[in-house]
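Have a look at the structure below, then the notes.
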Amino acid sequence: MRRKILIVLAISMILVASIATATVDGQLIIWADDTRTPIFREIGKVYTQLTGIPVTVHEMTMDAIAEQVVIASPAGEGPDLIVGAHDWIGRLVRNGTVASIDLPQDILEEFDPVTIQAMSFGGKLYGVPYSREGVALLYNKGLVPTPPSTWDELVDIARRVTNTSIGQYGFIVELPFPYNCFPILSALGGYVFGQSADGSLVTDDIGLDSVGMILGATLIDWLIEEGLMPGEIPWETMTGLLSEGKAGMVITGPWSIPIAKSGGVDVGVAPIPTICGQRPRPFVGVSGIMVNAYSPNKAIIQDFIENHYATKESMLKIFEMDPRPSAFLPAFEEIKDDPIMNAFAESISYGMPLPNIPEMGTVWSVWADAMTLICNQTMSPHEALKKAAEVLEEILSN
Amino acid sequence: MEKRLLRFYLKIVLLSVFNAIAVFILILSILSNDVYLLIANTVLLALVNLSSFSRKRYLLKYLLPGFFFLVAMVVLPICYNIYLSMTNYSTGHVIGKDDAIKHFLNREFLSPESEKYSFTAYGENAEITLLVLKSSTEIIVDINGNIRDKNEFSILDTNQDGIPDKINEWILLDQLRVNANIPRLQALRIPYDNGWLRLSTLREFRHYEHQYLYDRETDTLTDVKNGRIYRSESARFVSSEGEVLDPGWTEYVGLRNYLRILITDRYRRPFFGVFIWTIEWSLVTVTASFALGLFLAIILNDSRLRFRKFYRSLLIVPYAIPSFISLLVWRYGFFSSEFGFLNRMLRSFAGISIPWLSAVTWARFSVLLTNVWLTFPYMMLVSLGALQSIQPQLLEAARIDGAGNWQRFRKITFPLLIVTLAPLLIGSFATTFNNFTVIWLLTEGRPIMGVGEVAGSTDILISYAYKLAFSGREGNEMALSAAVSVLIFVIVVAISIVSFRRTRVLEDIADEI
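Quick mapping for you: the protein sequence lines, in order, are chains A and B.
1 is the number of the first residue of the first sequence in my numbering; add one for each residue after it.
1001 is the number of the first residue of the second sequence in my numbering; add one for each residue after it.
Pasting the structure below:
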């Protein structure tokens, strides 16, 4: 009996010792999704060679990163850096998950100012961008040889190409979710929240029922009524039509290019045509890295960002493996010759950053509700958007 | 004998592994001051060792695993859920108050006139002993963060470049050696002026100051930069001008979440609407699929039917396909209003199109149709089984007594069947009640009830709870969602108790036959 207990004790202790040494200090841990993981492994490997500091990249889904980092970080189990989208920032700041970043002026100036603005919240920088993305006009060269430059031309082409009996559409936008169609809503001055002088958003100034927004929604309503565009078209259907070559023009982002190519469709990209001479303004989404507020490795992080991440070599490597217009201007100069990237970049240059405040979840749902009612023609744009602004104001004031 | 020895060793190894993990968790829980984990772990450790070493309590061995999993996977989640429903856990309130205060105390800012201090490190081998920080002035610091007087040391600069090559017996270390010491260096806080110097990148130190000071007496936070004072109010720090600091913290709020569901118009209206629809959804699904399943089972049970196995295999298909696939096929392939198979057929033959998933009544019909399609094979299978168990003599006797087909079904087959199947039907009801997958994959609760409404027309309670918790409609309201889950739990338990009572009555009837 005694002997048995002793044996158990001894083996237990050995095992405890071997598990307990598993945690190591003074290294970088990064969480990234499946496309970014190999990129940051590569960059991390070089950093380890230069400095001797180990870099570990854990692969997770985007959703898991955004959810888990909030829970794991206070428990000391979070990463040092996460790779994510700028519209997480409001929520992460409100939960105290991410720390602000101080970057020297000369490094800041090498980034596209829109991307820095997107990564800022309450006047502070919370992420360092690497790419920017937004929608533009994708056209199937087989159906639309030259892209339209004005909205009238677009409508003409849409009328000519649309043939519902063979399931072919001249012009489609993912509806009713208002992300892809936002350029139409913003062209004549529509906006979500007003901006103060320093670029931060003013939640008291709700623009869902601004004149520009209502005019834009009326245009969408008219396109649907005329049969020039289906009123409800989810992502799955849009990609299906696109890859089968049955869509003439689509307002979508760089993520749809591989889908079109997988169907053997030859696509071109152009900025979205002007509406009454006004430039449509797409939402700009920015990807980048953010710093965990609980990380003990702030100095390593700062060094990694300043001396290793915000460099032309690293940014070009990122582009090579995940081709979206780089947010780092010296790197973007190198890749400008690609016509598709260039067209997306031009479209983005007219855009405005996707709001990153934590209330965006509410805004999206209320706004999508209004757009649903407009698109299935049960409510007029004016009524629906007025109602949406009212409801939003009520929710935000609580 | 050898077998016994082998068993003995296996037991020791397994027990050792278990104890090792338990002790490891024990140490972790002591390190992190987690009292609950400590208690739970100690009790478990004691029980497991007691049950395997003591001859008297060996019976415990057989009960323990079941008891453990019952506690870990059922009792604990329920308790935690109830606890969560009485807090304000939501976006902006995810950490404890102490953590939040620590968070503010850790916030620092670069001193406005801060200089960059490049540094050189001195030591033996790879161990750093001294640091020389250099900007307009030169400061010597030891590895414990104390500023030292220059005259204490003998400084040797052979090549006269301003960088000492040797201080006392310690030599200049290169960057890679310095990097090996980063964990120690970045933990250094060298008191300096109103703040401290700390490593800002791997190559330089900078001067930082506290942004906030916390006063435990008055429970207020002071912004050092502009002197603003923040009181703690409804789980956040708020200034007198109403400016709110992020993050806030989690605190106990009692029954507030339940009151919010029951009293606030915004949540109450959808809650009761959704509740009634959830009952309808479960009832219709169970009765319709049971009726269809039973009907088909009776047909398939008839020995005069040819190719019975073939038909049975075909009818099981909806049950055999993973519902994740078939639901998406229904949603996009059949019900899509523009491109769906159903509407394309209707348009080409009758020139009409039906808003399968976009009008309230049609959407409810469509989700019910799909769910009946998904569940009837299960009902058919269990009915087939139950039909086999009915003694043919009973039916034979009834026939001799002159009972017709319908009478025999009503008076004998059905009552006997329902006794066996009632518990399954109740179980099926409870499952359907919480069948998140079907609703979420088919409609996500849509069509909407109106602009900005919390719930959609086909939302059942569980998808409504999910929307509150995660879909960001109101930010993430985990606590409110937990309160809805507790209510769902209460409802399902109540329904189950009532139904099981009634099945007992059925058993009495069956005994009489």
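Note that CB positions come from ideal geometry on N, CA and C, so glycine has one too.
Looking at the secondary structure, which residues open and close the beta strand (DSSP E) in which residue i lies?
i, result
"A:Pro-129", "127-133"
"B:Lys-1134", "1127-1134"
"B:Gly-1450", "Premise fails: B:Gly-1450 is in no beta strand (DSSP E) and is neither H nor E."
"B:Gly-1195", "1195-1201"
"B:Tyr-1212", "1212-1215"
"B:Arg-1231", "1229-1233"
"A:Asp-204", "201-206"
"B:Thr-1458", "That residue, B:Thr-1458, is in no beta strand (DSSP E); it is neither H nor E in DSSP."
"B:Ser-1239", "1236-1239"
"B:Ser-1118", "1116-1124"
Using a Cβ-Cβ cutoff of less than 7 Å, which residues in the same chain neighbour residue i once the five nearest sequence positions on both sides are dropped?
i, result
"B:Leu-1188", "Gly-1145, Arg-1198, Leu-1199"
"B:Arg-1501", "none"
"A:Ile-233", "Ile-172, Glu-174, Leu-175"
"A:Leu-143", "Val-161, Gly-248"
"A:Leu-385", "Leu-208, Asp-209, Met-213, Ile-214, Ala-217, Ala-370"
"B:Glu-1209", "Glu-1108, Phe-1109, Ser-1111, Asn-1194, Gly-1195, Val-1224"
"A:Val-57", "Ile-30, Ala-32, Thr-37, Phe-40, Arg-41, Gly-44"
"A:Ser-314", "Ile-43, His-308"
"A:Thr-21", "Confidence is the limiting factor: at A:Thr-21 the pLDDT is only 32, short of 50, which leaves the residue's position unreliable, though a coordinate-based value still follows. Correct list: empty, nothing qualifies."
"B:Phe-1053", "none"
Cα-Cα, which of the options is closest to residue i?
i, options, result
"B:Glu-1152", "B:Asp-1142, B:Gln-1160, B:Asp-1161", "B:Asp-1142"
"A:Lys-261", "A:Glu-77, A:Arg-279, A:Leu-241", "A:Leu-241"
"A:Pro-98", "A:Asp-106, A:Gln-105, A:His-86", "Per the sequence presented here, residue 98 of chain A reads as Val, with Pro not at that position. Closest by alpha carbon: A:His-86."
"B:Asp-1193", "B:Leu-1202, B:Arg-1206, B:Ile-1182", "B:Arg-1206"
"A:Gly-26", "A:Ala-299, A:Ile-184, A:Glu-333, A:Trp-364", "A:Ala-299"
"A:Gln-377", "B:Ile-1412, B:Pro-1355, B:Val-1286, B:Phe-1324", "B:Pro-1355"
"B:Ser-1040", "B:Ser-1051, B:Ser-1032, B:Leu-1026, B:Phe-1109", "What sits at residue 1040 of chain B in the sequence shown is Ala, not Ser. Measuring from the Cα of B:Ala-1040, the nearest candidate turns out to be B:Leu-1026."
"A:Glu-42", "A:Tyr-309, A:Val-284, A:Asp-221, A:Pro-353", "A:Tyr-309"
"B:Ile-1095", "A:Pro-113, A:Ala-75, A:Ile-107, A:Arg-91", "A:Ala-75"
"B:Gly-1227", "B:Arg-1216, B:Ser-1239, B:Tyr-1332", "B:Ser-1239"
"B:Ser-1496", "B:Ile-1261, B:Leu-1395, B:Phe-1433", "B:Phe-1433"
Taking 8 Å as the limit between beta carbons, can you name the residues of its chain near residue i, skipping five residues before and five after?
i, result
"A:Thr-203", "Phe-193, Ile-357, Glu-359, Leu-396"
"A:Ile-65", "Trp-31, Ala-32, Asp-33, Ile-82, Val-83, Gly-84"
"A:Gly-231", "Leu-175, Pro-176, Ile-224, Cys-375, Asn-376, Gln-377"
"A:Pro-178", "Leu-185, Trp-364, Trp-367, Ala-368, Met-371"
"B:Tyr-1009", "none"
"B:Phe-1018", "Val-1048"
Since I believe residue j is in contact with residue i (beta carbons under 8 Å), could you give me their beta-carbon distance rounded to a whole number of angstroms?
i, j, result
"A:Ile-257", "A:Val-267", "7 Å"
"A:Ala-331", "A:Lys-312", "5 Å"
"B:Leu-1461", "B:Ile-1488", "5 Å"
"A:Val-286", "A:Thr-115", "5 Å"
"A:Arg-324", "A:Glu-77", "In fact, because the Cβ distance is near 31 Å, the residues do not count as touching under 8 Å."
"A:Pro-282", "A:Ser-347", "6 Å"
"B:Ala-1121", "B:Leu-1173", "5 Å"
"A:Gly-245", "A:Val-269", "The Cβ separation is near 16 Å, so there is no contact."
"B:Tyr-1089", "B:Met-1478", "5 Å"
"A:Arg-407", "B:Thr-1091", "For residue 407 of chain A there is no data in the structure shown, the boundaries of chain A being 1 and 398."
Can you give me the start and stop residues for the alpha helix (DSSP H) that residue i sits inside?
i, result
"A:Gln-195", "First-last for A:Gln-195: 193-195, but that is the beta strand (DSSP E), not the alpha helix (DSSP H)."
"B:Lys-1061", "1060-1070"
"B:Ile-1276", "1265-1301"
"B:Leu-1514", "Outside the shown range of chain B, which is 1001 to 1513, sits residue 1514 of chain B, and nothing can be said about it."
"A:Lys-45", "36-51"
"A:Pro-282", "First-last for A:Pro-282: undefined, no H or E at that position."
"A:Phe-344", "339-349"
"B:Arg-1446", "Unbroken run through B:Arg-1446: none, as it is neither H nor E."
"A:Ile-71", "62-72"
Tell me which same chain residues have a C-beta within less than 6 Å of the C-beta of residue i, skipping the five on either side of it?
i, result
"B:Thr-1420", "Ala-1386"
"A:Leu-154", "Pro-148, Pro-273"
"B:Ile-1155", "Pro-1164, Ile-1167"
"A:His-382", "Ile-214"
"B:Asp-1034", "none"
Do residue i and the ligand GDP come close, with the Cβ less than 7 Å from some heavy atom?
i, result
"B:Asp-1165", "No copy of the ligand GDP occurs in the structure displayed, which carries no ligand at all."
Whole runs of the beta strand (DSSP E) within the stretch 123-181 of chain A, excluding any shorter than 3 residues: Runs of the beta strand (DSSP E) inside the stretch 123-181 of chain A: 127-133, 136-140, 169-173.
Segments assigned beta strand (DSSP E), at least 3 residues, entirely inside the stretch 233-309 of chain A: Complete beta strand (DSSP E) runs here, min 3: 247-252, 267-270, 283-292.
Continuous alpha helix (DSSP H) assignments of at least 4 residues falling wholly in the stretch 1364-1409 of chain B: Complete alpha helix (DSSP H) runs here, min 4: 1392-1400, 1405-1408.
Alpha helix (DSSP H) runs wholly inside the stretch 360-385 of chain A, at least 4 long, in chain order: Fully enclosed alpha helix (DSSP H) runs of 4 or longer: 360-375.
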